[in-house]
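Under our numbering, the letters of the sequence shown match residues 849 to 1180, in that order.
C-beta atoms are modelled at their ideal positions from N, C-alpha and C, and glycine is treated no differently.
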Amino acid sequence: MQPSIESNKSSHAPGQRNVDETMEFVMEKLAIMKQQETTHYRASNYLSQNAANATVNDRRALCIWGFDIMRICRIDRSIAVIGISFFDRFLSHYESRVVQCCLHRRREFQLAFISCLMISIKARDGKAVKLQFINEYLCKGMYHLHEITQMEIEILRTLSWRLNGPTAIDFIQCFMELLPSTIEPAVAMSLTEISKANAENAMLNYMSVLQAPSIIALASIASSLELLSLPLSYLVDIRSWMMQCTTSVTTEDWPNHHNDIFDWRRSGLINRHICTLTNYFRTKSVNCELICSGHEEASDFGDECGSFKWATSSLRKNLLDGESCEVFSPAA
849 MQPSIESNKS SHAPGQRNVD ETMEFVMEKL AIMKQQETTH YRASNYLSQN
899 AANATVNDRR ALCIWGFDIM RICRIDRSIA VIGISFFDRF LSHYESRVVQ
949 CCLHRRREFQ LAFISCLMIS IKARDGKAVK LQFINEYLCK GMYHLHEITQ
999 MEIEILRTLS WRLNGPTAID FIQCFMELLP STIEPAVAMS LTEISKANAE
1049 NAMLNYMSVL QAPSIIALAS IASSLELLSL PLSYLVDIRS WMMQCTTSVT
1099 TEDWPNHHND IFDWRRSGLI NRHICTLTNY FRTKSVNCEL ICSGHEEASD
1149 FGDECGSFKW ATSSLRKNLL DGESCEVFSP AA
């Protein structure tokens, strides 16, 4: 006699049902995020356009500056990642005259980045940034207030108001929800923080524009696992977890015939992009304070970029000295 559906359900402990439901929810969420990153939230190789005078180093300098601003204003660095993704997606619409202007003139290129950063703070951090703060403290009067507002509106229109796309940080957080309970909380926390720092560091590299956020997330985790040197008792669970994360966002299989799960290049994990990104992470110093201040990086922005760096230093000094510096508008 076949057992009834009711008896099958009752055979599971309540705790197991909760775990299964959580796993099912996370997998559904990952499927939606994967669909999003392959449709409306994709970016293209916009700096390859003939009209593009901005360079890879220009973009990198602005990204570093953006992370520095987030840290000084005590805003989570993931907001900067979101702002950078807005920036890359906006500039990918090079059929727009405004975008062409941004790619051709560095003044507008910088203005677009600032506007994307402010939109991310408003939309994803729930804070309204004062235009006066942007103009006086961040831009040192380089732009008029109406220029900033107009650029924000243009960006929102170009992106069709789609502001909730997944980033590599979002994928990492979802993958961590699938982490086996056998992994100690301290290990899970270290893995999460180092992986996020890796993903943030990847945003400085223009190569990240051409990669799906899920791929960047997996490469970030792969590199973090190499750094952590986990005990042998974790290897089976970690291998199973990484296979689950991989299959949730790609149709490619992970070969089972390699015993060393951290030898990503020989095991052929996902594809060559994972290996390329993981090698990139190996060349960087990874820690929770990974993103350095702008004055430590070389750039091709010249005097204009120099004014941004000076504005960052001035803002930091004002905050440390306790001077009045209203950043956000009061909550409504």
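- A distance below 8 angstroms separates the beta carbons of E1048 and F915.
- Between F961 and L993, the gap from beta carbon to beta carbon reaches 8 angstroms or more.
- Nearest to S1071 by alpha-carbon distance, out of C987, L1039, V874, is L1039.
- Taking the Cα positions, V929 is about 7 angstroms away from T1015.
- Between L1052 and F957, the alpha-carbon positions lie close to 16 angstroms from each other.
- In the pairwise beta carbon analysis, the stretch 1011 to 1027 is classified as touching the stretch 923 to 939: at least three pairs are separated by under 8 angstroms.
- For Q884, the closest C-alpha among the options F1019, I912, Y985 is that of F1019.
- Judged by DSSP secondary structure, T886 falls outside any alpha helix (DSSP H); it is assigned neither H nor E.
- N893 and D973 have their alpha carbons spaced roughly 28 angstroms apart.
- Between D906 and R937, the C-beta spacing is not below 8 angstroms.
- For N1046, the enclosing alpha helix (DSSP H) covers residues 1033 to 1050.
- Straight through space, the alpha carbons of D1085 and L979 are spaced by roughly 50 angstroms.
- In this structure, DSSP gives I1063 a helical state, which the three-state scheme calls helix.
- The beta carbons of I912 and F934 sit no closer together than 8 angstroms.
- The C-beta distance from V1097 to K877 rounds to 11 angstroms, too long to fall under 8 angstroms, and the pair is not in contact.
- K988 has its alpha-carbon roughly 43 angstroms from the corresponding atom of E1074.
- Cβ contact annotation for L1011 (same chain, cutoff 6 angstroms, sequence separation greater than five): A971, in chain order.
- Here DSSP, grouped into helix, strand and coil, assigns C1093 to helix.
- M1024: member of the alpha helix (DSSP H) spanning 1016 to 1025, first to last residue.
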